[in-house]
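Have a look at the structure below, then the notes.
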Amino acid sequence: MSYAMEKLREEKVFKDPVHRYIHVRDRVIWDLVGTKEFQRLRRIKQLGTTFLTFHGAEHSRFSHSLGVYEIVRRIVDDVFKGRQEWDESDRLLSLCAALLHDLGHGPFSHAFEKVFQFDHEYFTQAIIMGDTEVNQVLRLVSADFPKKVAEVIAKTSEKKLVISLISSQIDADRMDYLLRDAYFTGVSYGHFDMERILRVMRPKEDQVVFKKSGMHAVEDYIMSRYQMYWQVYFHPVSRSGEVILQKILHRAKELHEQFYHFKHEPKHFVTLFEGKPKLKDYLELDESVVLYYFHVWQEEDDPILKDLCYRFLNRHLFKYIEFDPATEYKKYMKLVTLFTEAGINPEYYLVLDSSSDLPYDFYRPGEEEERLPIQLSMSNGEIRELSRESEIVEAISGKRRTDHKLYFPLDLLKEESTKKNEKRQIRALLGING
Numbered sequence: 001m002s003y004a005m006e007k008l009r010e011e012k013v014f015k016d017p018v019h020r021y022i023h024v025r026d027r028v029i030w031d032l033v034g035t036k037e038f039q040r041l042r043r044i045k046q047l048g049t050t051f052l053t054f055h056g057a058e059h060s061r062f063s064h065s066l067g068v069y070e071i072v073r074r075i076v077d078d079v080f081k082g083r084q085e086w087d088e089s090d091r092l093l094s095l096c097a098a099l100l101h102d103l104g105h106g107p108f109s110h111a112f113e114k115v116f117q118f119d120h121e122y123f124t125q126a127i128i129m130g131d132t133e134v135n136q137v138l139r140l141v142s143a144d145f146p147k148k149v150a151e152v153i154a155k156t157s158e159k160k161l162v163i164s165l166i167s168s169q170i171d172a173d174r175m176d177y178l179l180r181d182a183y184f185t186g187v188s189y190g191h192f193d194m195e196r197i198l199r200v201m202r203p204k205e206d207q208v209v210f211k212k213s214g215m216h217a218v219e220d221y222i223m224s225r226y227q228m229y230w231q232v233y234f235h236p237v238s239r240s241g242e243v244i245l246q247k248i249l250h251r252a253k254e255l256h257e258q259f260y261h262f263k264h265e266p267k268h269f270v271t272l273f274e275g276k277p278k279l280k281d282y283l284e285l286d287e288s289v290v291l292y293y294f295h296v297w298q299e300e301d302d303p304i305l306k307d308l309c310y311r312f313l314n315r316h317l318f319k320y321i322e323f324d325p326a327t328e329y330k331k332y333m334k335l336v337t338l339f340t341e342a343g344i345n346p347e348y349y350l351v352l353d354s355s356s357d358l359p360y361d362f363y364r365p366g367e368e369e370e371r372l373p374i375q376l377s378m379s380n381g382e383i384r385e386l387s388r389e390s391e392i393v394e395a396i397s398g399k400r401r402t403d404h405k406l407y408f409p410l411d412l413l414k415e416e417s418t419k420k421n422e423k424r425q426i427r428a429l430l431g432i433n434g
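Counting in full-length UniProt numbering, the sequence shown runs from 1 upward without gaps.
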């Protein structure tokens with residue numbers, strides 16, 4: 001029997017709070033889970049700084065990746081199996097792509113990506129194609145199998161139906177993270193009837209479609225996603241933690257460029273600071289390493305790095321106000337001037353942060369493929385785009401919502417042993433009494 005077809009002598013299961021059990025029978029999947037690159041995901045939180053707001057949000061990208069795999073396994077083994085439009089030879093490709101889709105995430109991934117200007121998907125490709133244990137396992141299937149998996153995750157594969165299982169407006173990735181994140185944050189917004197959605201999924205040429213009879217379950221999913229983004233993912237307190245995290249990394253990078261002598265040299269960050277991250281260095285970074293540096297940097301002589309690390313580790317976060325940069329630009333520039341005069345560096349202590357989401361979109365030619373619309377299969381065989389049948393979805397289709405917050409350290413502004421007048425002017429501009 002070929003390695004690709006090999007089954008374990010006995011099925012392995014992972015107990016899971018979302019899916020109850022995650023089932024593994026394929027030797028390839030079991031071997032991939034055991035690689036050091038996949039095990040690294042245990043040390044990367046799924047929700048970054050959200051644990052500062054929702055204390056239960058300590059779950060990892062490891063558990064999420066297993067969850068996405070399990071949803072895709074159920075689809076290809078239970079829902080699609082035996083259907084004319086599904087190519088059974090794509091089963092293992094689908095399972096591997098689902099399991100490995102988040103492999104390249106770094107610690108506190110989105111903050112890292114903003115500061116160091118890289119895309120985790122680039123590192124996902126690099127891990128799959130590079131000198132790694134994951135690559136060694138995939139090559140046992142066939143010499144070109146790592147490339148096939150990488151192309152599905154990059155959305156460049158000719159297997160469009162497989163891509164839609166893990167990257168579309170309703171896919172296994174989103175279904176798992178909504179349910180998982182709702183469970184661990186303790187909110188009720190992210191719950192929807194996944195069982196019903198799976199029952200009405202059908203393979204159709206280049207993408208998954210949904211039977212019209214299941215439209216209300218799809219509507220519920222879209223509204224759950226909308227609520228989770230605004231009540232959890234874009235929560236202003238979590239964003240305050242992410243702002244401070246970004247500023248710590250930005251400050252450490254700036255100090256490195258200025259040849260500052262660190263008491264605790266950030267050797268794990270050097271290639272990132274210099275814009276030439278090597279895969280080996282990247283894989284050695286996880287959140288335990290980053291938090292170690294934040295801990296020891298509290299002892300540095302640089303007052304900004306020292307203060308920001310203390311704030312992050314001890315949850316002394318920045319406060320915020322609603323702020324519209326389009327109409328309040330002059331106020332922002334005045335605040336920058338006053339912060340400077342007050343001896344508070346505005347580059348690190350006055351931060352405008354924006355969050356934006358498009359809950360659902362219909363087809364827009366030339367735009368990113370993940371915005372392909374959700375299609376319904378009507379009882380007469382016709383295919384109809386979701387927003388043409390659903391008044392609820394039509395109401396939010398194509399409508400981007402954006403939220404702006406201005407973050408600042410209120411404690412420093414209320415400390416009046418120095419620059420009392422400037423700090424009072426700042427508080428007045430920010431609408432802070434006292």
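Ideal Cβ placement from N, Cα and C applies to all residues, glycine included.
Should residue i and residue j be called a contact, given that it needs their Cβ atoms to be closer than 8 Å?
{"i": "residue 448", "j": "residue 182", "result": "There is simply no residue 448 to check, as the chain begins at 1 and stops at 434 in what is shown."}
{"i": "residue 104", "j": "residue 88", "result": "no"}
{"i": "residue 176", "j": "residue 220", "result": "no"}
{"i": "residue 266", "j": "residue 250", "result": "no"}
{"i": "residue 48", "j": "residue 108", "result": "yes"}
{"i": "residue 24", "j": "residue 97", "result": "no"}
{"i": "residue 377", "j": "residue 160", "result": "no"}
{"i": "residue 279", "j": "residue 166", "result": "no"}
{"i": "residue 79", "j": "residue 222", "result": "no"}
{"i": "residue 390", "j": "residue 212", "result": "no"}
For residue i, collect the residues of the same chain with a Cβ closer than 6 Å to its Cβ; drop the 5 residues on either side in sequence, then sort them by chain order.
{"i": "residue 117", "result": "none"}
{"i": "residue 62", "result": "41, 42"}
{"i": "residue 235", "result": "53"}
{"i": "residue 364", "result": "Any reading at residue 364 needs caution, since the residue's pLDDT is 44, under 50, leaving its predicted position unreliable; the model's value is listed next. Taken in chain order, the list of residues that qualify is empty."}
{"i": "residue 348", "result": "247, 304"}
{"i": "residue 405", "result": "236, 320, 353"}
{"i": "residue 208", "result": "164, 201"}
{"i": "residue 273", "result": "253, 256"}
Got a sec? Which residues, its chain only, sit under 7 Å from residue i by beta carbon, not counting five neighbours each side?
{"i": "residue 237", "result": "52, 53, 317"}
{"i": "residue 82", "result": "none"}
{"i": "residue 309", "result": "248, 294, 297, 298"}
{"i": "residue 140", "result": "3"}
{"i": "residue 119", "result": "113"}
{"i": "residue 331", "result": "429"}
{"i": "residue 240", "result": "317, 318, 320, 407"}
Measuring only from the beta carbon, is residue i closer than 7 Å to any heavy atom that is part of the ligand NAP?
{"i": "residue 244", "result": "Here there are no bound small molecules, and the ligand NAP is not part of this structure."}
Where does residue i land, buried or exposed, given buried means 16+ other C-beta within 10 angstroms?
{"i": "residue 502", "result": "The question about residue 502 has no answer here: the residues shown for the chain are numbered 1 through 434."}
{"i": "residue 26", "result": "buried"}
{"i": "residue 11", "result": "exposed"}
{"i": "residue 169", "result": "buried"}
{"i": "residue 57", "result": "buried"}
{"i": "residue 422", "result": "buried"}
{"i": "residue 18", "result": "buried"}
{"i": "residue 186", "result": "exposed"}
{"i": "residue 99", "result": "buried"}
{"i": "residue 426", "result": "buried"}
{"i": "residue 433", "result": "exposed"}
Spatial neighbours of residue i within its chain, please: CB distance less than 8 Å, with the 5 preceding and 5 following residues excluded, ordered by chain position.
{"i": "residue 313", "result": "291, 294, 295, 298"}
{"i": "residue 343", "result": "418, 419"}
{"i": "residue 6", "result": "26, 27, 28"}
Would you mind giving the Cβ-Cβ distance between residue i and residue j, rounded to the nearest angstrom? I have them listed as a contact below 8 Å.
{"i": "residue 232", "j": "residue 214", "result": "About 25 Å separates the two Cβ atoms, so there is no contact after all."}
{"i": "residue 37", "j": "residue 133", "result": "6 Å"}
Scan the region 263–292 and note each continuous alpha helix (DSSP H) run of 4 residues or more that stays entirely inside, going in chain order.
Complete alpha helix (DSSP H) runs here, min 4: 270–273, 279–283.
Just list the alpha helix (DSSP H) runs in the region 159–242, keeping only unbroken ones of 4 residues or longer that don't cross its boundaries, in chain order.
Counting only runs of 4+ residues, the alpha helix (DSSP H) found wholly inside the region 159–242 occupies 160–166, 172–185, 194–200, 215–228, in chain order.
Output the residue ranges of the alpha helix (DSSP H) runs that lie fully inside the region 341–422 and measure 4 residues or longer, sorted by chain position.
Segments of the alpha helix (DSSP H) lying fully in the region 341–422: 346–349, 386–389, 391–396, 410–414.
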